[in-house]
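For reference, the structure discussed in these notes is given below.
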Ligand code: ADP
Ligand code: TRP
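Numbering (this note's numbering), first residue to last: 1 to 342.
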């Protein structure tokens, strides 16, 4: 109990900040810039007690291949660790190792109206798509997907989370968690903390190979820990216009430049701007973009590979994290169950 984390909790100076990433695909540069990097920065200072996890049960809503599911789950954990998450400073676990979350999930389900879930954006989007395609409205919807926001509320409420850093698409889920917390508190007395979300407004939405938001769903990603040769290949696929090399170019609408400035130094960025203005060939920009991205991922990529080759190390770290998490979730679930009347 002597880790800095517990000292923080005991004096209650800091806010609990919690976030999860689900193992549904290869982690890409956009996930790093938009989610992992800001979360690691928030974990650095003394303002927050961070609780970060692999949202594997959420991932299961989209996965039926056991071997792939396992590989992706280890991949998410190894990514956080390779990028510098310190398990001594962060409570870091696999959602499925903290059973109390799933008991709370059921309790919250019984407080949640079905109508609230019908109105959840992610579900509604699928229904709309099915209608448009002339299919039955719930085609392809499993109950895990339908109940997804309730499990997410359980993740958040279990640890009396005050702050949840998420992307804009997740705001409604935090609002649902607040609604469920309020319903419970109203019914059974003050128990849950109402969480707030924080959106990293200043964080860039990284474009993908085709210029749309880099996303697993669009198949336009640059996976974070790609080998150098593959990384160069991905970069070569990035869309450019057909201007000749000597023509002056605009940095504003250049996907290559948008990516470059996320990884280059200030001096390099200023130089690249000049080179654009003077006229530069796209091939040259692509080579330089490769250099700065590769420079950035070189070290974490090695660490990632080492970890992926040693799942037992990842298991040990996550199990220890789950034990820490359960020192909070066990007594709190007991309190919750007492209130409900078990
Ligand atoms: P994907 O769109 O690839 O499926 P997720 O929805 O699983 O990614 O997102 C996980 C986290 O990564 C979220 O916090 C999201 O905001 C962030 N993220 C995803 N894509 C990008 C991007 N292109 N730029 C910035 N952040 C992103
Ligand atoms: N739904 C989140 C996403 O798709 C992942 C997630 C699961 C999560 N549980 C959470 C995020 C709790 C924040 C808090 O990105």
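Heads up, the beta-carbon is just placed ideally off N, CA and C, and yes, glycines get one too.
These numbers come from a predicted model, not from an experiment.
Per the DSSP calculation, residue i is bridged to which residue(s)?
i           : result
residue 197 : 164
residue 49  : 16
residue 213 : 207
residue 331 : Partner(s): none; residue 331 has no beta bridge.
residue 38  : DSSP output for residue 38 lists no bridge partner at all.
residue 28  : 223
Does the ligand TRP have even one heavy atom less than 7 angstroms from the beta-carbon of residue i?
i           : result
residue 170 : yes
residue 164 : yes
residue 216 : no
residue 186 : no
residue 61  : no
residue 156 : yes
residue 20  : yes
residue 58  : yes
residue 325 : no
residue 152 : yes
residue 173 : yes
residue 55  : yes
Leaving aside the five residues before and after residue i along the sequence, list all residues of the same chain whose C-beta is less than 7 angstroms from its C-beta, in chain order.
i           : result
residue 71  : none
residue 105 : 150, 151 and 154
residue 139 : 130
residue 237 : 209
residue 146 : 117 and 123
residue 84  : 40
residue 226 : 234
residue 177 : 152, 153, 156, 157 and 195
residue 185 : 191 and 192
Does DSSP classify residue i as helix, strand or coil?
i           : result
residue 54  : strand
residue 21  : strand
residue 92  : strand
residue 311 : helix
residue 228 : helix
residue 87  : coil
residue 244 : coil
residue 265 : coil
residue 1   : Per-residue confidence for residue 1 stands at a pLDDT of 44, beneath the threshold of 50, marking its modelled position as unreliable; the derived number appears in the next sentence. Reduced to three states, the DSSP call for residue 1 is coil.
residue 98  : coil
residue 342 : coil
residue 142 : coil
residue 252 : coil
residue 60  : helix
residue 113 : coil
Counting only the same chain and skipping the five closest in sequence on each side, list residues whose C-beta sits under 8 angstroms from that of residue i.
i           : result
residue 292 : 260, 263, 264 and 268
residue 15  : 47, 48, 49, 162 and 163
residue 73  : 23, 54, 56, 59 and 94
residue 137 : 127, 130 and 131
residue 103 : 333 and 337
For the ligand ADP, any of its heavy atoms closer than 7 angstroms to the Cβ of residue i?
i           : result
residue 142 : no
residue 213 : yes
residue 28  : yes
residue 33  : yes
residue 219 : no
residue 167 : yes
How many angstroms separate the CA atom of residue i from the CA atom of residue j?
i           : j           : result
residue 335 : residue 306 : 41 angstroms
residue 257 : residue 169 : 26 angstroms
residue 182 : residue 100 : 20 angstroms
residue 2   : residue 87  : With a pLDDT of 45 at residue 2, under the threshold of 50, the predicted position of this residue should be treated as unreliable, and no value is reported.
residue 270 : residue 115 : 53 angstroms
residue 17  : residue 301 : 27 angstroms
residue 65  : residue 249 : 46 angstroms
residue 29  : residue 45  : 24 angstroms
residue 167 : residue 330 : 29 angstroms
residue 175 : residue 197 : 9 angstroms
residue 42  : residue 36  : 10 angstroms
residue 61  : residue 144 : 5 angstroms
residue 111 : residue 180 : 7 angstroms
residue 282 : residue 31  : 26 angstroms
residue 315 : residue 92  : 11 angstroms
residue 277 : residue 207 : 22 angstroms
residue 243 : residue 297 : 31 angstroms
Return the chain-ordered list of same chain residues with a C-beta closer than 6 angstroms to the C-beta of residue i, the five sequence neighbours on each side being excluded.
i           : result
residue 69  : 63
residue 211 : 239 and 255
residue 235 : 286, 289 and 290
residue 120 : 149
residue 172 : 121
residue 246 : 279
residue 27  : 79 and 224
residue 317 : 87
residue 343 : In this structure the chain extends from 1 to 342, so residue 343 is not present and cannot be described.
Shorter than 7 angstroms, the distance from the beta carbon of residue i to the closest heavy atom of the ligand MG, or not?
i           : result
residue 205 : Of the ligands this structure carries, namely the ligand ADP and the ligand TRP, none is the ligand MG.
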